[in-house]
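Enquirer: Take this structure first; my questions come after.
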Amino acid sequence: MVGKKRVAVIGAGMTLFRRNLKETGKELAWHASKMALDQAGLELNDMQSVVMGTAPDAFDGVHMKGEYLADGAGAWRKPYSRVFVGGGTGVFAIDAGWWHVASGQFDTCLVVAEEKMSSCYPHPAYAFTTIFDPIYSRPLGVTLIWIFALEMHRYMHRHGIKKEEIALVSVKNKRNALDHPCAQLGANITVEDVLNSEIMCWPVQRLDISPTSDGAAALVLASEDVAKKLTDNPVWIDGTGWCIDTTFWTNRDLYYPRYVQCAAQMAYKMAGIKNPPKEIDVAEVYDPFDYKELHHMEGLMLARKGQAPKLTADGVTQRDGDLPINPSGGLLGVGNPIAAAGLMKCCEIFWQLRGEAGKRQVKGDPRTGLAQAWGDLMQYGSVVIMRS
Amino acid sequence: MATEKITDIRHMLHWPGHMETDYIYTQGIAGEKFFSEIKENEKIYGGRCNHCGQVFVPPRLYCERCFRKIAEWRNLGSKGVVYTFTVVYIDIDGAKLDEPIMYALITFDGAEGGLIHRLGEIKPHEVQIGMPVEAVFRPQAERTGSINDIRYFKPQS
Chain L
84 MVGKKRVAVI GAGMTLFRRN LKETGKELAW HASKMALDQA GLELNDMQSV VMGTAPDAFD
144 GVHMKGEYLA DGAGAWRKPY SRVFVGGGTG VFAIDAGWWH VASGQFDTCL VVAEEKMSSC
204 YPHPAYAFTT IFDPIYSRPL GVTLIWIFAL EMHRYMHRHG IKKEEIALVS VKNKRNALDH
264 PCAQLGANIT VEDVLNSEIM CWPVQRLDIS PTSDGAAALV LASEDVAKKL TDNPVWIDGT
324 GWCIDTTFWT NRDLYYPRYV QCAAQMAYKM AGIKNPPKEI DVAEVYDPFD YKELHHMEGL
384 MLARKGQAPK LTADGVTQRD GDLPINPSGG LLGVGNPIAA AGLMKCCEIF WQLRGEAGKR
444 QVKGDPRTGL AQAWGDLMQY GSVVIMRS
Chain Z
1227 MATEKITDIR HMLHWPGHME TDYIYTQGIA GEKFFSEIKE NEKIYGGRCN HCGQVFVPPR
1287 LYCERCFRKI AEWRNLGSKG VVYTFTVVYI DIDGAKLDEP IMYALITFDG AEGGLIHRLG
1347 EIKPHEVQIG MPVEAVFRPQ AERTGSINDI RYFKPQS
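Chains L and Z supply the protein sequences, listed in that same order. At position 285 of the first sequence the residue is numbered 368 (my numbering), and the sequence of numbers has no breaks. At position 60 of the second sequence the residue is numbered 1286 (my numbering), and the sequence of numbers has no breaks.
The following block contains the structure:
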């Protein structure tokens, strides 16, 4: 940590995650930001800088939506930047907030993430059709879901993984979400429910997928000096990592997310973590699809390649297991307002490490947590490691 | 926060907006080579980096690893292998398709990467990862220099 200032998280906030919320995107950002400031015991005037994470402009339907959302994120007359790396944005936003403070330039930074996907009518799937290569992919009529279906199928094929094993992730996360007061899709479902749900693009079925959501989340970051004056219970950002793989998704392994491994290695090195499964007590792993939780556990080296399904079947990743994954309920259960979903995961790790997660609190006394998101065209990994 | 459950966004006070803009995308230097060879000669081309030796398909103007210009084109023929595939049952609005559509990632011997494309002349339950396939081209008069100059890939005969 030589040359860098230590950075703490001292407050977190989030809105309900729902489809068709009445609030505008700005209003959602304000709700989450105000809650995070209230928990930190600070006012907007105490914030020296603001980082806003928000994904494609086409969701909210406002070009330059970073600028549009600025006032809701508390950026009035402040150093402000919007960061955007697709689905990886939420966790990248805390990474970006970290460097604002770690550099010594600011003592405080408000990190906010927002997405209002329901503005894109009738369905935000249309916004996704223009994210692909305009000459090699889009003329084929590519949609988001079948791109993931191709990846999921390759992952299953490479390791001989069955749909039943993957469905356990959806069952776990939706059940965990029943204990989250902001959750959109908490439910008690069975593996059979997943396997009997509508086949969309085989092997992807309806209950393998997270929903369309509106929502916002926020964190207050502070330098060590400021944090220690304000709280006896800071949560330290001890590792950050981010990485992008080739833009040609046809040139990736598909069965293994190398970019997530690269981001994780960067964060583990900074945090001095040598044995991730032993040293990480709780993790929020990006789960827009059930197979992605498994895929990302392997990329994060929390499981060996092809072994994440077995850990799941053995109950290791349950909230009371040895390595709880997505105790919040994840994107599958809490909901998936893209950038806000990633920052929700950072909020959850903060609350878990402070012992403030209520009914979602994992067993023992977790001291080290990890949050991860994944984005752009299936090629971006962002990771943060926090310690209490 | 407002907590009522709203199933149709139009039931709130709202303003219906529109963001459509039209575009024309050039295919670029490497793209013109690639699509011209498909259009004129029914051949799929990759680009070889003379520094690292990697052959990329689709071809590029530059190697993203060595960051050097790629000047050597490599004819990969029209035959490849199914690396992974999906069977699409619904359209973008979620409505059931009359007939499912199969899409695959096709890889080519001696090259890194591949093309996504439709599969044809085969039933969904017959498709397998690793299956050899070949491109079926549109009649020359109908080709425009697009990825749809290939109609689909079919099992190798």
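All C-beta atoms, glycine included, are put in the ideal place defined by N, C-alpha and C. None of the values given here were measured: they were computed from a predicted structure.
#1: Which stretch, first to last residue, makes up the beta strand (DSSP E) that contains TYR1315(Z)?
#2: Would you give the residue range spanned by the alpha helix (DSSP H) that PRO410(L) belongs to?
#3: Write down the C-beta distance between TRP457(L) and GLY171(L) rounded to the nearest angstrom, noting that I regard them as a contact closer than 8 Å.
#4: Which residues of the stretch 1336–1351 of chain Z have a Cβ closer than 8 Å to any Cβ of chain L? Give them in chain order.
#5: Secondary structure at ALA270(L), three-state DSSP: helix, strand or coil?
#6: Anything in the stretch 335–369 of chain L with a Cβ closer than 7 Å to a Cβ of chain Z? List those residues in chain order, please.
#7: Who are the near neighbours of SER201(L) in its chain, counting only those whose CB is closer than 6 Å to its CB and skipping five residues on each side?
#8: Find the nearest neighbour of TYR1249(Z) within the set GLY149(L), CYS429(L), ILE218(L), judged by alpha-carbon distance.
#9: Determine the contact status of VAL318(L) and LEU436(L), defining contact as a CB-CB distance below 8 Å.
#10: With a 10 Å radius around its C-beta and 16 neighbouring C-beta atoms as the bar for buried, classify GLU381(L) as buried or exposed.
#11: Could you give the C-beta distance for ASN256(L) and GLY413(L), rounded to a whole number, given that I count them as a contact under 8 Å?
#12: The alpha helix (DSSP H) with TRP181(L) in it runs from where to where?
#13: Could you check the C-alpha separation between HIS206(L) and ASP1319(Z) for me, to the nearest Å?
#14: Can you list, in chain order, the residues of its chain whose CB lies under 8 Å from that of GLY144(L), leaving out five sequence neighbours each side?
#15: Check whether the Cβ atoms of LEU1287(Z) and ILE1255(Z) sit closer than 8 Å, and answer yes or no.
#16: Suppose the cutoff is 6 Å on Cβ atoms and the five residues either side in sequence are ignored; what does the same chain contact list for SER280(L) look like?
#17: Who are TYR219(L)'s beta bridge partners in DSSP?
#18: Are any of the Cβ atoms in chain L nearer than 8 Å to that of ALA1228(Z)?
#19: Could you tell me which residues DSSP puts in a beta bridge with ILE230(L)?
#20: Less than 8 Å between CB atoms is the rule here; does HIS206(L) satisfy it with respect to chain Z?
#21: If I measure Cβ to Cβ from GLY1360(Z) and keep anything under 6 Å in the same chain, skipping five residues before and after, which residues do I get?
#22: Inspect the CB distances between the stretch 292–306 of chain L and the stretch 1331–1343 of chain Z and report whether three or more fall short of 8 Å.
#23: Beta-carbon of GLY1243(Z) versus every beta-carbon of chain L: anything under 8 Å?
#24: For the 8 Å Cβ check, are there 3 or more pairs between the stretch 119–134 of chain L and the stretch 344–352 of chain L?
#25: For LYS543(L), does the count of other Cβ atoms within 10 angstroms reach 16, so buried, or fall short, so exposed?
#26: Suppose only complete runs of 4+ residues qualify. What are the alpha helix (DSSP H) ranges in the stretch 136–170 of chain L, listed by chain order?
#27: Per DSSP, what kind of secondary structure is HIS1237(Z) in: helix, strand or coil?
#28: Mind checking whether PHE1379(Z) and ALA1330(Z) have CB atoms under 8 Å apart?
#29: So what's PRO1350(Z) in DSSP terms, helix, strand or just coil?
#30: Beta carbon of ARG387(L): closer than 7 Å to some heavy atom of the ligand PLP?
#31: Buried or exposed for ASP397(L), going by 16 or more other Cβ atoms inside 10 Å?
#32: Using C-beta distances below 6 Å, list every residue in its chain close to ILE432(L), excluding the 5 sequence neighbours before and after it, in chain order.
#33: Would you mind telling me which residues of chain Z sit closer than 9 Å to LEU223(L), beta carbon to beta carbon, in chain order?
#34: Taking Cβ positions only, does TRP457(L) come closer than 8 Å to chain Z?
#35: With a 10 Å radius around its C-beta and 16 neighbouring C-beta atoms as the bar for buried, classify GLU1230(Z) as buried or exposed.
#36: Along the chain, where does the beta strand (DSSP E) containing ALA95(L) start, and where does it finish?
Expert: According to the structure shown:
#1: Start at 1 with the first residue of the second sequence, and residue 1315(Z) comes out as number 89. Start and end: 1305–1316.
#2: On the first sequence, residue 410(L) is found 327 positions in, with the first residue counted as 1. Neither: PRO410(L) is in no alpha helix (DSSP H) and is coded neither H nor E.
#3: For the purposes of this step, residue 457(L) is taken as the residue at position 374 of the first sequence. For the purposes of this step, residue 171(L) is taken as the residue at position 88 of the first sequence. Taking C-beta atoms under 8 Å as the contact rule, TRP457(L) and GLY171(L) qualify, at a distance of about 6 Å.
#4: The residues in question are GLU1338, GLY1339, GLY1340, LEU1341, ILE1342, HIS1343, ARG1344, PRO1350.
#5: The residue you call residue 270(L) lines up with position 187 of the first sequence. Of the three classes helix, strand and coil, the one that applies to ALA270(L) here is coil, per DSSP.
#6: LEU337
#7: Within the first sequence, residue 201(L) is the residue found at index 118, counting from 1. Sequence-distant Cβ neighbours of SER201(L) in its own chain, meaning closer than 6 Å and more than five residues away, are ARG102, ASN103, ASP297.
#8: Taking the second sequence and counting its residues from 1, the one referred to as residue 1249(Z) is at position 23. Ranking GLY149(L), CYS429(L), ILE218(L) by Cα distance to TYR1249(Z) puts ILE218(L) first.
#9: Residue mapping note: residue 318(L) aligns to position 235 of the first sequence, counting from 1. Residue mapping note: residue 436(L) aligns to position 353 of the first sequence, counting from 1. With respect to the 8 Å criterion, VAL318(L) and LEU436(L) are classified as neighbours on the basis of their beta carbons.
#10: By 1-based counting over the first sequence, the position of residue 381(L) is 298. So GLU381(L) ends up on the buried side.
#11: Mapped onto the first sequence, residue 256(L) falls at position 173. Mapped onto the first sequence, residue 413(L) falls at position 330. Right, their Cβ atoms sit about 4 Å apart.
#12: The residue labelled residue 181(L) in the question sits at position 98 within the first sequence. Run containing TRP181(L): 172–185, per the alpha helix (DSSP H) assignment.
#13: Looking up residue 206(L) in the first sequence gives position 123. Looking up residue 1319(Z) in the second sequence gives position 93. If I take the Cα positions, the gap works out to 7 Å.
#14: If you number the first sequence from 1, residue 144(L) lands on position 61. Only SER202, CYS203 meet the Cβ criterion.
#15: Counting from one through the second sequence, the residue named residue 1287(Z) turns up at place 61. Counting from one through the second sequence, the residue named residue 1255(Z) turns up at place 29. Yes. Within cutoff.
#16: As a first step, residue 280(L) is located in the first sequence; it is residue number 197 there, counting from the start. Contacts found: GLN288, ARG289, LEU290.
#17: For this step, residue 219(L) is matched to residue 136 along the first sequence. Answer is none; TYR219(L) lacks a bridge partner.
#18: Position 2 of the second sequence holds residue 1228(Z). For ALA1228(Z), the answer is yes, since a Cβ of chain L falls inside 8 Å of its Cβ.
#19: For this step, residue 230(L) is matched to residue 147 along the first sequence. Answer by DSSP bridge pairing: none, since ILE230(L) is not bridged.
#20: For the purposes of this step, residue 206(L) is identified with residue 123 of the first sequence, where counting begins at 1. Yes, its Cβ sits closer than 8 Å to a Cβ of chain Z.
#21: Numbered from its first residue, the second sequence carries residue 1360(Z) at position 134. Reading off the sequence shown, one finds Glu at residue 1360(Z), where the question assumed Gly. Correct list, in chain order: SER1304, LYS1305, GLN1382.
#22: no
#23: For the purposes of this step, residue 1243(Z) is taken as the residue at position 17 of the second sequence. Interface residue, yes.
#24: no
#25: Beyond the ends of chain L as shown, which are 84 and 471, falls residue 543(L); an answer cannot be given.
#26: 140–143, 148–152
#27: What you label residue 1237(Z) is simply residue 11 of the second sequence in a count that begins at 1. HIS1237(Z) falls in the helix class under three-state DSSP.
#28: Here residue 1379(Z) refers to the residue found at position 153 of the second sequence. Here residue 1330(Z) refers to the residue found at position 104 of the second sequence. Yes, Cβ-Cβ distance for PHE1379(Z) and ALA1330(Z) is below 8 Å.
#29: Taking the second sequence and counting its residues from 1, the one referred to as residue 1350(Z) is at position 124. PRO1350(Z): helix per DSSP, three-state reduction.
#30: For the structure depicted, the ligand PLP is absent and the ligand set is empty, with no information on it obtainable.
#31: As a position in the first sequence, residue 397(L) is number 314, starting the count at 1. It counts as exposed.
#32: As a working mapping, residue 432(L) is identified with position 349 in the first sequence. Annotation for ILE432(L): GLU367, GLY452, ALA454, MET469 place their beta carbon closer than 6 Å to its own, counting only its chain and skipping 5 residues before and after.
#33: On the first sequence, position 140 is the one that residue 223(L) refers to. Ordered by position in chain Z, the residues that pass the 9 Å Cβ test against LEU223(L) are TYR1329, ILE1342, HIS1343, ARG1344, ILE1373, ASN1374.
#34: Numbered from its first residue, the first sequence carries residue 457(L) at position 374. Answer no: the Cβ-Cβ gap between TRP457(L) and chain Z never drops below 8 Å.
#35: Position 4 of the second sequence, counting from 1, holds the residue named residue 1230(Z). Result: exposed.
#36: Walking along the first sequence from the start, residue 95(L) turns up at place 12. First-last of the beta strand (DSSP E) with ALA95(L): 90–97.
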